[in-house]
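Enquirer:
Number of protein chains: 2
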Amino acid sequence: VHKQHLAELHALLDDMHPADVARVLEALPRDDRLLVWDLVRVEHDGEILLEVSDAVRESLIKSMDSDELLAAAETLDTDEIADLAPDLPQDVIQELLESLDAQKRARLQSTLSYPEDSVGALMDYDMVTIRADVTLEVALRYLRRLKELPDHTDKLFVVDRDGAVRGVMPLQRLLLQDPDANVADVMAEEVVTFRPEDEATDAAQAFERYDLVSAPVIDARNRLVGRLTVDAVVDYIRQESDSDMLSIAGLREEEDIFSSVWKSVQNRWAWLAINLVTAFIASRVIGMFDHTIEKLVALAALMPIIAGIGGNSGNQTITMIVRALALGQIHPDSARKLFTKEIGVAALNGLIWGSVVGLFAYMLYGKPALGLVMMGAMTLNLLLAAVMGVAIPVLMHKFGRDPAVGSSVLITAVTDSGGFFIFLGLATLFMAYLK
Amino acid sequence: VHKQHLAELHALLDDMHPADVARVLEALPRDDRLLVWDLVRVEHDGEILLEVSDAVRESLIKSMDSDELLAAAETLDTDEIADLAPDLPQDVIQELLESLDAQKRARLQSTLSYPEDSVGALMDYDMVTIRADVTLEVALRYLRRLKELPDHTDKLFVVDRDGAVRGVMPLQRLLLQDPDANVADVMAEEVVTFRPEDEATDAAQAFERYDLVSAPVIDARNRLVGRLTVDAVVDYIRQESDSDMLSIAGLREEEDIFSSVWKSVQNRWAWLAINLVTAFIASRVIGMFDHTIEKLVALAALMPIIAGIGGNSGNQTITMIVRALALGQIHPDSARKLFTKEIGVAALNGLIWGSVVGLFAYMLYGKPALGLVMMGAMTLNLLLAAVMGVAIPVLMHKFGRDPAVGSSVLITAVTDSGGFFIFLGLATLFMAYLK
Chain A
5 VHKQHLAELH ALLDDMHPAD VARVLEALPR DDRLLVWDLV RVEHDGEILL EVSDAVRESL
65 IKSMDSDELL AAAETLDTDE IADLAPDLPQ DVIQELLESL DAQKRARLQS TLSYPEDSVG
125 ALMDYDMVTI RADVTLEVAL RYLRRLKELP DHTDKLFVVD RDGAVRGVMP LQRLLLQDPD
185 ANVADVMAEE VVTFRPEDEA TDAAQAFERY DLVSAPVIDA RNRLVGRLTV DAVVDYIRQE
245 SDSDMLSIAG LREEEDIFSS VWKSVQNRWA WLAINLVTAF IASRVIGMFD HTIEKLVALA
305 ALMPIIAGIG GNSGNQTITM IVRALALGQI HPDSARKLFT KEIGVAALNG LIWGSVVGLF
365 AYMLYGKPAL GLVMMGAMTL NLLLAAVMGV AIPVLMHKFG RDPAVGSSVL ITAVTDSGGF
425 FIFLGLATLF MAYLK
Chain B
5 VHKQHLAELH ALLDDMHPAD VARVLEALPR DDRLLVWDLV RVEHDGEILL EVSDAVRESL
65 IKSMDSDELL AAAETLDTDE IADLAPDLPQ DVIQELLESL DAQKRARLQS TLSYPEDSVG
125 ALMDYDMVTI RADVTLEVAL RYLRRLKELP DHTDKLFVVD RDGAVRGVMP LQRLLLQDPD
185 ANVADVMAEE VVTFRPEDEA TDAAQAFERY DLVSAPVIDA RNRLVGRLTV DAVVDYIRQE
245 SDSDMLSIAG LREEEDIFSS VWKSVQNRWA WLAINLVTAF IASRVIGMFD HTIEKLVALA
305 ALMPIIAGIG GNSGNQTITM IVRALALGQI HPDSARKLFT KEIGVAALNG LIWGSVVGLF
365 AYMLYGKPAL GLVMMGAMTL NLLLAAVMGV AIPVLMHKFG RDPAVGSSVL ITAVTDSGGF
425 FIFLGLATLF MAYLK
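Line order of the protein sequences matches chains A and B. When you number the first sequence by this note's numbering, it's gap-free, plus one each residue, and the end is 439. When you number the second sequence by this note's numbering, it's gap-free, plus one each residue, and the end is 439.
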C-alpha cells in the first residue's frame, strides 16, 4: 500500500467511532487486519478490543506486546478490564492489578470471581448515589459538580449511611419536581434490584419485562455493589442467541471467519466426533438387519426417509420445548399435558405423512405390504420423536443442564437409530408379505 | 375453583405488573388461561395483550368481543395499537380508526403501512421536542409543565420551525449545564438518526454499537417523524433470534405450547413436506444403485455415516457464513478467501475423519478397499458440504433472500443426496476390489 494511502487511512480511523473500527477489523482478512490495527491510535485500542468478537480479539491481542496491552487496559474502567481479562496474558493481569488503586483492585478481583453468566460479570461500577435526606436542589448542585454523568444514567441510587439502597431517583423526577422537595418524598421506593450471583438470563428477562435502562445491584445486606445497564444486557442477549445458534449447528464457539484452517478444525471437531459416534451406532443398527436388506434391497433406499422425517419432527418438538423451558413456561403439572399434545401431533402427522410415504413406496415397488410397513414405521418413529423430544430437554433441565446444548444431536441420534430399527424390524417381521 | 379463591386471585392480579400477568398466562393451559384472563382488569387488557407472544395473543383475542377489544385498544398509544392490529378483526380496526383524532389516525395508518421489519414499524410517537434558540432554563420550565416525560426519554429532540432535527439535548446536559446557556450551544449536533424505511436489523446493530437509549426517526427532508427506543430494539432482537431458531428447526412461527394438536400440525407441516421431498430424492439416489447394494449389503449400513457427517459439517459452515453475512463481515473480495479456507478445513477433516471411518469399516468388514472408498467418499462429501455451505448463503444473500431461512434444510438435502451418490458411485466403480 502506498504511504500516502496509509496516512489517509490513519486520519480516517482517528475520526471513526471505536465500534465502527471494530466492524472494519472483523471484516478484514488477517494480514490487512493487523496492518489496520497498527494504524489505530493507542488511546482507542482498549475500547476497540472490547467491541470486537472473542475470536478477533484473540488475534489482535496476540499481535501486541505487554506494554501495549497495559497501555490499552489502562484506558478502561474496572468492569471493562474484567471483560478483557480472560484473553490477557497472566503477567499483564498481574501488572495491571498492581497498578490499580485499592478500590479498583478489589472491584476487578471480585468481578473476575463471578461466573460468566452472572449479573456480577455484567455489572459496572459507574453508579451515582445520593442521600434521601437532602433536597432536590442540593442533589442537583452535587451533580453539577460532577460535570458529567456516566452513560445510561437514567436514575440515581438513593443510599443510606451504610450504603444500603433505599430507593431510586429517576433523572426525570429530578428535572420535573419541585427543587425544594426532599429526595425521600420524590424517589421511587419500589425498585427492581439484582444480586451479583443472579443468573444473567433472568436479569435480561427482567430488563425486557420492565423496560429498564439501569438498575442497582445489591448484596445480601441490601448494600449497593454495582449497576447493571441496558447496553450490557443487550450485548448479553445478542451473545446468548449467537451461542445458541452456534451450538445447535455444532460449533463450540464464535469463529473468526478468517481464522486459520487449523483453528477452525479445532473449533468444530468436538461435535463432528460426537456425530460420528451416533452415526456408527446407527450404522450398527442397520448392520443387525443385513439379512433382511439382502432379501429386499428396496429397504435400503427407503430407510433414510423414515429416519429423516423423524429427525425433522423431533427437532421441531425439542426446539419448542427448549424455548418454553427458557421462558419458564413449563411446570411439572403441565408436562403431562405437553406429552399428550405432542403424541397427538405425532399420531396425526404419522397418519398424514405415513400415507404419503406409504403410497410412494407402493407406487415405486408395487407392493402394498411395503407401503403399510412404511406407514407403520413412520408413525412409530414420529411417536418416538415426540416422546423423546419432550423427555430429553425436560430431564436435562431437571438435572440442571442447559437443554439447548446438544439437544439437536441427541434427538437426531435417537430418531436415526430408532427409525432404522423400527423400519427394518417391521420389515423383518413381515418379510413373508414383502417378497 | 372456589369463589373465595377467585376473589383472592383477582386481587393478586390487580397488583401485578402487566408483563408478569402475561408470563402467567403464557404458562397456563388453555382453559385456565381464559379463566385468569377474565379476571384481569379491563384497563390492563391492552398492555397485557402487547406483552404476550403472538400465539397466545391470538387465543386471548379470540375470546373477546368487539366492545372488549375496543376498550382494550383505547388504553394504548398509537404505535402500540399498530402492534396489535394484525391480530384484530377488521371491524374493530375500522371503529378504532374512526374513534381517533386526525393526528393519531394519520400516525396509525402510516405505522401500519411500514413493513414488519422496518424502523417505521418499531418507532413510537412519544418524542419531546424543544427549540434551539431558547435557554436551558426556558426548556426546563417547559418540561415542568409537561409533568411527566415518556419512558426512555434520555434526550430531547431539538427541531426548527419546520420540524427538521437540528440536534439532541441529553437530559444529562440539561441537568448539569448552566441554565442561562442557549440550547443551541449545549446540544449535541452529531446525531444518530434513522429513517422509517430503514431495516430494523441495521437499526438494532446501531443501537448496540453506539449504546443508544433513544434516537430520532426522520423523513427525507430531515423532519422528525418518530422516535426509536432501546426497549423496542431489545424486543426486536429477541424476536429475531427466536424466529431464527424456530426456522432452523422447521417451525413456521412461534407456537403456543398449549395450542391444539391441529394448530400445531399446521404450524409444522410446511417444513416436514419440504423435508419429505428431499428425503424422496435421496431415496431415489440410493435406488439408482440397488444392484451395487445387492452385491454388498454392508454399503447400506455404511452410507448413512457419509451422509450424516457431511450434513453436520455443512451445517457448521453454513451457520458461520449466515452469521457473518448478517453482521456484514463478508465482502465480494473476501468471498474467495472464505472458499479457500473452508475447502482447507474440509480437506483436513476429510483426512482425519475419513481415516477414522475407513478404519471402522475395515475392522468391521475386513476389506481394506472398503476403508479406502469410505475415506474417499467422506473427503469428497465434506468438500461438497464446504463449497455449498459457502455458496448457498452467499447466493441467497446476493439475490436479496434471507440466508437463514431454510439454509439448514438445503445443505442437508445436498449432503444427503450427494453423500449417497458419491459413496455408492465410488463403490460401484471399485466393486471389483470390494467383493
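Note that beta-carbon positions come from the ideal geometry of N, C-alpha and C, so glycine has one too.
Which residues of the stretch 205-218 of chain A have a Cβ closer than 8 angstroms to any Cβ of chain B? Give them in chain order.
Expert: Identification of residues in the stretch 205-218 of chain A having a C-beta nearer than 8 angstroms to some C-beta of chain B yields 211, 212, 213, 214, 215, 217, given in sequence order.
Enquirer: Hey, residue 215 of chain A and residue 155 of chain B are a contact pair by Cβ (cut 8 angstroms); roughly how many whole angstroms apart?
Expert: Position 211 of the first sequence, counted from the start, is the residue given in the question as residue 215 of chain A. Position 151 of the second sequence, counted from the start, is the residue given in the question as residue 155 of chain B. Rounded, the Cβ-Cβ distance is 6 angstroms, consistent with contact.
Enquirer: Does the pairing of the stretch 346-360 of chain A with the stretch 38-54 of chain B give three or more beta-carbon distances under 8 angstroms?
Expert: no
Enquirer: Please say whether residue 202 of chain A and residue 175 of chain A have beta carbons closer to each other than 9 angstroms?
Expert: Counted from its first residue, the first sequence places residue 175 of chain A at position 171. Counted from its first residue, the first sequence places residue 202 of chain A at position 198. No, these two residues do not count as a Cβ contact at 9 angstroms.
Enquirer: Taking only the alpha-carbon atoms, compute the straight-line gap between residue 180 of chain B and residue 172 of chain B and give it to the nearest angstrom.
Expert: Walking along the second sequence from the start, residue 180 of chain B turns up at place 176. Walking along the second sequence from the start, residue 172 of chain B turns up at place 168. Between the C-alpha atoms of residue 180 of chain B and residue 172 of chain B there is a straight-line separation of about 15 angstroms.
Enquirer: Helix, strand or coil for residue 32 of chain A? Go by DSSP, reduced to three states.
Expert: The residue labelled residue 32 of chain A in the question sits at position 28 within the first sequence. In this structure, residue 32 of chain A counts as coil in the three-state DSSP scheme.
Enquirer: Among residues of its own chain, excluding the 5 on either side of residue 227 of chain B, which ones have a beta-carbon nearer than 7 angstroms to its beta-carbon?
Expert: Start at 1 with the first residue of the second sequence, and residue 227 of chain B comes out as number 223. Answer for residue 227 of chain B: 166, 167, 168, listed in chain order.
Enquirer: Starting from residue 384 of chain A, follow its DSSP beta bridges and name the residues at the other end.
Expert: Along the first sequence, read from residue 1 onward, the residue named residue 384 of chain A stands at position 380. Residue 384 of chain A is not bridged to any residue.
Enquirer: So residue 210 of chain B and residue 240 of chain B are in contact, right, with Cβ under 8 angstroms, and what is the actual spacing, rounded?
Expert: Taking the first residue of the second sequence as position 1, residue 210 of chain B is located at position 206. Taking the first residue of the second sequence as position 1, residue 240 of chain B is located at position 236. 12 angstroms between Cβ atoms; not a contact.
Enquirer: Starting from residue 174 of chain A, trace the beta strand (DSSP E) both ways and give me its first and last residue.
Expert: Numbered from its first residue, the first sequence carries residue 174 of chain A at position 170. Here the beta strand (DSSP E) through residue 174 of chain A covers 169-174.
Enquirer: Under a CB-based cut-off of 9 angstroms, is residue 298 of chain B close to chain A?
Expert: Looking up residue 298 of chain B in the second sequence gives position 294. Closer than 9 angstroms to some Cβ of chain A, the Cβ of residue 298 of chain B qualifies, so yes.
Enquirer: Let me confirm a value: residue 382 of chain A is counted as buried when at least 16 other C-beta atoms fall within 10 Å, else exposed. Which label applies?
Expert: As a first step, residue 382 of chain A must be located in the first sequence, where it is residue number 378. Buried, by the Cβ-count rule.
Enquirer: Buried or exposed, going by whether 16 or more other CB atoms sit within 10 Å of the CB of residue 2 of chain B?
Expert: An answer regarding residue 2 of chain B cannot be provided, because it is not within the stretch 5 to 439 covered by chain B.
Enquirer: For the stretch 409-426 of chain A, which residues have a beta carbon sitting closer than 9 angstroms to at least one beta carbon of chain B?
Expert: Taken in chain order, the members of the stretch 409-426 of chain A whose beta-carbon sits within less than 9 angstroms of a beta-carbon on chain B are 412, 413, 416, 420, 424.
Enquirer: Compare the Cα-Cα distances from residue 312 of chain B to each of B:328, B:331, B:361 and report the closest residue.
Expert: Along the second sequence, read from residue 1 onward, the residue named residue 312 of chain B stands at position 308. When only C-alpha atoms are compared, the closest one is B:361.
Enquirer: Can the beta-carbon of residue 428 of chain A be found closer than 9 angstroms to that of residue 289 of chain A?
Expert: Numbered from 1 along the first sequence, position 424 holds the residue referred to as residue 428 of chain A. Numbered from 1 along the first sequence, position 285 holds the residue referred to as residue 289 of chain A. Going by beta carbons, residue 428 of chain A and residue 289 of chain A fall inside the 9 angstroms limit.
Enquirer: Taking Cβ-Cβ distances shorter than 8 angstroms, what residues in chain A pair up with residue 290 of chain B?
Expert: In the second sequence, residue 290 of chain B corresponds to position 286, counting from 1. Residues of chain A passing the Cβ test: 304, 305, 308.
Enquirer: For residue 115 of chain B, tell me which candidate among B:90, B:218, B:276 has the shortest Cα-Cα distance.
Expert: As a first step, residue 115 of chain B is located in the second sequence; it is residue number 111 there, counting from the start. Here the closest residue by C-alpha is B:90.
Enquirer: Under the assumption that residue 70 of chain A contacts residue 260 of chain A (Cβ atoms under 8 angstroms), give the Cβ distance between them as a whole number of angstroms.
Expert: The residue given as residue 70 of chain A occupies position 66 in the first sequence. The residue given as residue 260 of chain A occupies position 256 in the first sequence. 23 angstroms between Cβ atoms; not a contact.
Enquirer: Which residues in the same chain have their Cβ closer than 7 angstroms to the Cβ of residue 178 of chain B, if we skip the five residues on either side of it in sequence?
Expert: Here residue 178 of chain B refers to the residue found at position 174 when the second sequence is read from its first residue. Excluding positions up to five away in sequence, the list reads 140, 143, 144.
Enquirer: Using DSSP with H/G/I as helix, E/B as strand and the rest coil, what is residue 403 of chain A?
Expert: Position 399 of the first sequence holds residue 403 of chain A. Coil.
Enquirer: What are the residues that DSSP puts in a beta bridge with residue 220 of chain B?
Expert: In the second sequence, the residue the question calls residue 220 of chain B occupies position 216. Residue 220 of chain B is bridged to B:231.
Enquirer: Residue 56 of chain A and residue 77 of chain A: beta carbons closer than 9 angstroms?
Expert: Here residue 56 of chain A refers to the residue found at position 52 of the first sequence. Here residue 77 of chain A refers to the residue found at position 73 of the first sequence. No, the pair does not count as a contact, with Cβ atoms beyond the cut-off.
Enquirer: Name, please, each residue of chain B whose Cβ falls closer than 7 angstroms to the Cβ of residue 197 of chain A.
Expert: The residue you call residue 197 of chain A lines up with position 193 of the first sequence. Here the premise fails: no neighbours, minimum Cβ distance about 15 angstroms.
Enquirer: Under the assumption that residue 350 of chain A contacts residue 390 of chain A (Cβ atoms under 8 angstroms), give the Cβ distance between them as a whole number of angstroms.
Expert: Taking the first residue of the first sequence as position 1, residue 350 of chain A is located at position 346. Taking the first residue of the first sequence as position 1, residue 390 of chain A is located at position 386. Contact holds; Cβ gap of about 4 angstroms.
Enquirer: Checking contacts by CB at 9 angstroms: is residue 440 of chain B closer than that to chain A?
Expert: Summary: the structure shown does not reach residue 440 of chain B, with chain B confined to residues 5 through 439, and so no result is reported for it.
Enquirer: Can you give me, in chain order, the residues of the stretch 315-334 of chain B that have a beta carbon less than 8 angstroms from any beta carbon in chain A?
Expert: 316, 317, 319, 320, 322, 323, 324, 325, 327, 328, 331, 332, 333, 334
Enquirer: Measuring only the C-alpha atoms, how far is residue 213 of chain A from residue 235 of chain B?
Expert: Counted from its first residue, the first sequence places residue 213 of chain A at position 209. Counted from its first residue, the second sequence places residue 235 of chain B at position 231. The alpha-carbon atoms of residue 213 of chain A and residue 235 of chain B are separated by roughly 9 angstroms.
Enquirer: Using the three-state DSSP reduction, which class does residue 108 of chain A fall into: helix, strand or coil?
Expert: By one-based count along the first sequence, residue 108 of chain A stands at place 104. In this structure, residue 108 of chain A counts as helix in the three-state DSSP scheme.
Enquirer: Taking 9 angstroms as the threshold (beta carbon to beta carbon), is residue 33 of chain B in contact with chain A?
Expert: The residue you call residue 33 of chain B lines up with position 29 of the second sequence. Closer than 9 angstroms: yes.
Enquirer: Among A:353, A:364, A:426, A:291, whose alpha-carbon lies nearest the alpha-carbon of residue 368 of chain B?
Expert: As a first step, residue 368 of chain B must be located in the second sequence, where it is residue number 364. The candidate whose alpha carbon is nearest that of residue 368 of chain B is A:291.
Enquirer: Take every Cβ of the stretch 397-411 of chain B, pair it with every Cβ of the stretch 372-388 of chain B, and state whether three or more of those distances are shorter than 8 angstroms.
Expert: no
Enquirer: Counting only Cβ-Cβ distances shorter than 8 angstroms, please list the residues of the stretch 131-148 of chain B near chain A, keeping chain order.
Expert: 144, 147, 148
Enquirer: Distance check for residue 301 of chain A and residue 431 of chain B, CA to CA, integer angstroms please.
Expert: As a position in the second sequence, residue 431 of chain B is number 427, starting the count at 1. As a position in the first sequence, residue 301 of chain A is number 297, starting the count at 1. The alpha-carbon atoms of residue 431 of chain B and residue 301 of chain A are separated by roughly 16 angstroms.
Enquirer: Whose Cβ in chain B lies nearer than 8 angstroms to the Cβ of residue 341 of chain A?
Expert: In the first sequence, the residue the question calls residue 341 of chain A occupies position 337. Per Cβ cutoff of 8 angstroms: 33, 262.
Enquirer: Using a Cβ-Cβ cut-off of 8 angstroms (strictly less than) and excluding sequence neighbours within five positions of residue 439 of chain A, which residues of its own chain qualify?
Expert: Within the first sequence, numbered from 1, the residue matching residue 439 of chain A stands at position 435. 299, 300.
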